[in-house]
Amino acid sequence: MGTFRDRTAVAGVGYTPFSKDSGVSTLTLAVDAILAALDDAGLTVDDVDALATHRVGDSTPPWVVAPALGVPEVSWYLDQFGGGSVSHSVVGQAAMAVAAGVAETVVCYRAINARSEFRMGGTGRGPAPLFDTQYQAPYGYFAPPQQFAMFARAHMNAYGTTHEQLGRVAVGQRASAVRNPRALKRDPITLDDYLASRWIAEPLRLLDCCLETDGACAIVVTSRERARDLAHPPVLISGAAWGGGDSLFSGAGSGVDGTDFTVTEAARLAPRLYAMAGVGPGEVDVAEIYDCFTYSVLVQLEDYGFCAKGEGGPYIESGAILPGGELPVNTHGGFLSEGYVHGINHIAEAVAQLRGTAGDRQVPGAEVALSTAQPGYVLAGTSALILRSDP
Amino acid sequence: MSLAQRPRPEPDRDSAPWWEAVRRHELTVQRCDGCGTLRFPARTVCNRCRSRAYAWVPARGTGRVYSWVVNHQVFMRSMADEVPFPVLLVRLDDGAEQGDDLLMYGNLTGGDVAGLRPGLPVEAVFVDFDEETTLVQWRPAG
Numbered sequence: 031m032g033t034f035r036d037r038t039a040v041a042g043v044g045y046t047p048f049s050k051d052s053g054v055s056t057l058t059l060a061v062d063a064i065l066a067a068l069d070d071a072g073l074t075v076d077d078v079d080a081l082a083t084h085r086v087g088d089s090t091p092p093w094v095v096a097p098a099l100g101v102p103e104v105s106w107y108l109d110q111f112g113g114g115s116v117s118h119s120v121v122g123q124a125a126m127a128v129a130a131g132v133a134e135t136v137v138c139y140r141a142i143n144a145r146s147e148f149r150m151g152g153t154g155r156g157p158a159p160l161f162d163t164q165y166q167a168p169y170g171y172f173a174p175p176q177q178f179a180m181f182a183r184a185h186m187n188a189y190g191t192t193h194e195q196l197g198r199v200a201v202g203q204r205a206s207a208v209r210n211p212r213a214l215k216r217d218p219i220t221l222d223d224y225l226a227s228r229w230i231a232e233p234l235r236l237l238d239c240c241l242e243t244d245g246a247c248a249i250v251v252t253s254r255e256r257a258r259d260l261a262h263p264p265v266l267i268s269g270a271a272w273g274g275g276d277s278l279f280s281g282a283g284s285g286v287d288g289t290d291f292t293v294t295e296a297a298r299l300a301p302r303l304y305a306m307a308g309v310g311p312g313e314v315d316v317a318e319i320y321d322c323f324t325y326s327v328l329v330q331l332e333d334y335g336f337c338a339k340g341e342g343g344p345y346i347e348s349g350a351i352l353p354g355g356e357l358p359v360n361t362h363g364g365f366l367s368e369g370y371v372h373g374i375n376h377i378a379e380a381v382a383q384l385r386g387t388a389g390d391r392q393v394p395g396a397e398v399a400l401s402t403a404q405p406g407y408v409l410a411g412t413s414a415l416i417l418r419s420d421p
Numbered sequence: 059m060s061l062a063q064r065p066r067p068e069p070d071r072d073s074a075p076w077w078e079a080v081r082r083h084e085l086t087v088q089r090c091d092g093c094g095t096l097r098f099p100a101r102t103v104c105n106r107c108r109s110r111a112y113a114w115v116p117a118r119g120t121g122r123v124y125s126w127v128v129n130h131q132v133f134m135r136s137m138a139d140e141v142p143f144p145v146l147l148v149r150l151d152d153g154a155e156q157g158d159d160l161l162m163y164g165n166l167t168g169g170d171v172a173g174l175r176p177g178l179p180v181e182a183v184f185v186d187f188d189e190e191t192t193l194v195q196w197r198p199a200g
C-alpha cells in the first residue's frame, strides 16, 4: 500500500466541447480530447505508449483509438467494463502502470455521446442485462434516477434529510457553473426553482439529475520526473484507490455496514485512499464529488469523512461546500451543470484547481484535491483519487 | 395495471427454479445446507461458508417496506401509460434473524402511495402477467 504515492503525475488535460449533440462519433471525440491533452502537456502522439478507458458498450476502445491516432506502439492498454464507479480507477491503474515501468505516458480518456446516442437514463432502450436486472426491470425499475431515488429515500427515512438540503447542492453547483465558460448550464437557479422542477422519480426532481452530455475528456499520466520537464507544473497522484464488491444483494456480514444502504462503498474505500496519500479529510482543500444526482454528493460527504453519518444535510445547509466555504465542492458545476463525462471531468477540474488555472472559480491556495467516482449503488465498488500540487 | 409492455424477467441458470416457483405462486429462498443461512437472489455458493449444498425453502411471504420511489419519468416509451407508479424495496421477514439481508423489489398493489412509510408491513401477491410470466408484487398486510 502506498508504494506509488506521488511517483506519477497528471501532465496534461484536454476536452472537446460539451453539447447535447456532438454530431461526431465517439472515436472522433476521443481523438480530439487526446490531442488536446497532449498539446496541453507539450507532448505529441509519438510520446504515447499506453491508452486507458472505461465504457459500458457506449464508446470506442483503445485498440481502435490508438491506430486512429497513429500511436507508434502500445505497450499497455486498459479497456475496462464499467460506468461512473470505475471512472477514477482508470487513472489509478494508469498511475500503477507507469509506476511499475510498464508504460511511460498513458492517455486516459472517456468519450461519450450520452445525449445523442446512448442515454444512460434508458430512454428509448431496454435495461442492461446485469445480474440483478431480472429482479428489478419487470417492475419498471432500471434507470439510474430510480436507483438513486431509492437510496435518497432511505437516507431521508433514517436521518430526516430534506428536499431543501438536496436542492442546495443543485443551486450551489449552478452558482459555480456560472463562472465556468465550459459549463452547459450557466443560468443561476434558486431553491424555489429547484422545488418547482418536475418529479423524475420521487424523491428526486429534474434538478437533482445530472445532464446527459456529448463530449470527451482526456488526461495524460506520466512519471513525476518526466512531468517536471513538460509544459505545466505536475499534479501528483498521491492516492488512488478502487474496489468494493458488495451490492444490494450481498447478504449481511459482508456489507460495508450490514445492510444499511445509507452507507456506500466509499466509506470502506476512504481510509485506504487517505492512508495511501498520507492525508486526511481535514487537509483536502477542494473536492470534486461524483454528482450523477444531488444525493450522491450528500452521502459521499459523509462517507469521505467531511461530516458524520447522517449529517450530510446539515453540513450542506451550513454552506461548507459553496465557493468560499471550508470545502468547496464541484467547483466546475459538476455533472449537474458543467456536463456529464462520467467522472473524468471531475479529475480534470481538480487538476485545474491544483495548477491554479481555474480562473474565476479558483479556490485560493488549493494544494490537495479529492476526486471521486459513483459510490457503488449501481455495480458494486467505487474509485477515487487524491491529487496534490508538486511541493 | 398493464404489464404487457414491460421488460420480461430473464432467468439465469441459478434463478430459473425461483422463477418457476413464482409461476406456481410460491415465494421461495435458498437455505444453505452448510450453515443454514437463507439467501436471495439465487446463487449456487453460500458467501458465508462457501457450501454449494442448498435447498429451496418456502419464504413467509411477508416483509417490511425499507424504501420506495414513485416513478414519473417515462424511461421506456412502452410504459408511458403506467406513470406515475411506485416501486418498493422490501426486507423479507425471513431475514430478520440474520441481519435483515433478504431484499426484494416489487410494485405496490392494492394500497395507496400516500400510506407508504418505512417499516410498513406488506405481504407478497402473485400477479400473472400472461401465459409465461408471474411477478411478485406487494400489498399492505392485514
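Chains as they are written, first to last, in our numbering: chain A, 31 to 421; chain B, 59 to 200.
Glycine included, C-beta positions come from ideal geometry on N, C-alpha and C.
Source: prediction; values computed, not measured.
_Whole alpha helix (DSSP H) elements within the region 168 to 221 of chain A, 4-residue minimum_ = 174 to 189 and 193 to 207
*Quick one: what does DSSP say V94 of chain A is sitting in, helix, strand or coil?*
helix
*Secondary structure of D76 of chain A, DSSP reduced to three states*: helix
*How many angstroms separate the CA atom of V103 of chain B from the CA atom of R110 of chain B?*
5 Å
*Looking at the unbroken beta strand (DSSP E) that takes in G273 of chain A, where does it start and where does it end?*
V265 to G273
*Per DSSP, the bridge partner or partners of N375 of chain A*: Paired residues: none, contrary to the question.
*Determine, using beta carbons only, whether W126 of chain B and L174 of chain B come nearer to each other than 7 Å.*
yes
*Just by C-beta distance, which residues in the region 86 to 97 of chain B are closer than 8 Å to chain A?*
T95 and R97
_Helix, strand or coil at G119 of chain B according to DSSP, with G and I counted as helix_ = coil
*Backbone CA spacing between T387 of chain A and L96 of chain B [nearest angstrom]*: 55 Å
*Start-to-end residues for the alpha helix (DSSP H) that takes in R302 of chain A*: E295 to A307
*Are any of the Cβ atoms in chain A nearer than 7 Å to that of R64 of chain B?*
yes
*Below-7 Å beta-carbon distance, F184 of chain B vs any chain A residue*: no
*Of all Cβ atoms in chain B, is any one closer than 7 Å to the Cβ of Y224 of chain A?*
no
*In terms of residue numbering, what span does the alpha helix (DSSP H) encompassing D238 of chain A cover?*
Segment: none, D238 of chain A is in no alpha helix (DSSP H) and carries neither H nor E.
*Take Q195 of chain B as the anchor and find which of B:R149, B:E189 and B:E181 has the nearest alpha-carbon.*
B:E181
_Suppose contacts are defined by Cβ-Cβ distances below 7 Å. Is V251 of chain A in contact with A125 of chain A by that definition?_
yes
*Output yes if chain B places a C-beta closer than 7 Å to the C-beta of Y45 of chain A; else output no.*
no
*Give the residues from the region 164 to 179 of chain A that approach chain B closer than 8 Å (Cβ to any Cβ), ordered along the chain.*
Q164, Y165, Q166, A167, P168, Y169, G170, Y171, F172, A173, P175, Q176 and A179
*Which residues, taken in chain order from the region 362 to 378 of chain A, show a beta carbon closer than 9 Å to some beta carbon of chain B?*
none
*Of all the options A:A378, A:P233, A:A248 and A:G411, which has the alpha carbon lying nearest to the alpha carbon of Q131 of chain B?*
A:P233
*Spell out the partners DSSP gives C90 of chain B in its beta bridges.*
B:Y112
_DSSP-derived helix/strand/coil call for R66 of chain B_ = coil
*Considering only residues of the same chain and omitting the five flanking positions on each side of C93 of chain B, which have a CB-CB separation below 6 Å?*
R106 and C107
*From the DSSP output, in three-state form, read off R149 of chain B for me.*
strand
*Identify, in the order they occur along the chain, each residue of the same chain with its Cβ nearer than 6 Å to the Cβ of V371 of chain A, setting aside the five sequence neighbours on each side.*
R140, G245 and C247
*Please decide whether Y163 of chain B counts as near chain A, where near means a Cβ-Cβ distance under 7 Å.*
yes
*Return helix, strand or coil for G285 of chain A, following the three-state DSSP convention.*
Confidence at G285 of chain A is low in this model, with a pLDDT of 46, below 50, so the placement of that residue should be treated as unreliable; the coordinate-derived value is given next. Coil at G285 of chain A, not helix or strand.
*Taking Q88 of chain B as the reference, which of B:Q156, B:G200, B:W114 and B:Q63 has the closest Cα?*
B:W114
*asked:* Assuming the contact rule is C-beta atoms closer than 8 Å, D407 of chain A and F111 of chain A should be a hit. Round their C-beta distance to whole Å, please.
replied: Asp is not the amino acid found at residue 407 of chain A; the sequence shown has Tyr there. 17 Å between Cβ atoms; not a contact.
*Is the CB-CB distance between G121 of chain B and D151 of chain B below 7 Å?*
yes
*Whose CA, out of A:V316, A:T33 and A:A39, lies closest to the CA of P421 of chain A?*
A:A39
*Drop a sphere of 10 angstroms on the beta-carbon of D188 of chain B, count the other beta-carbons inside from all chains shown, and report buried for 16 or more, exposed for fewer.*
exposed
*Quick one: list the residues of chain D neighbouring R183 of chain A, beta-carbon separation under 7 Å, in chain order.*
No chain D is part of this structure, whose protein chains are labelled A and B.
*Roughly how many angstroms separate the alpha carbons of T289 of chain A and R149 of chain B, rounded to a whole number?*
10 Å
*asked:* Taking only three categories from DSSP, how would you classify P423 of chain A?
replied: No information on residue 423 of chain A is available, as it lies outside the stretch 31 to 421 that chain A covers here.
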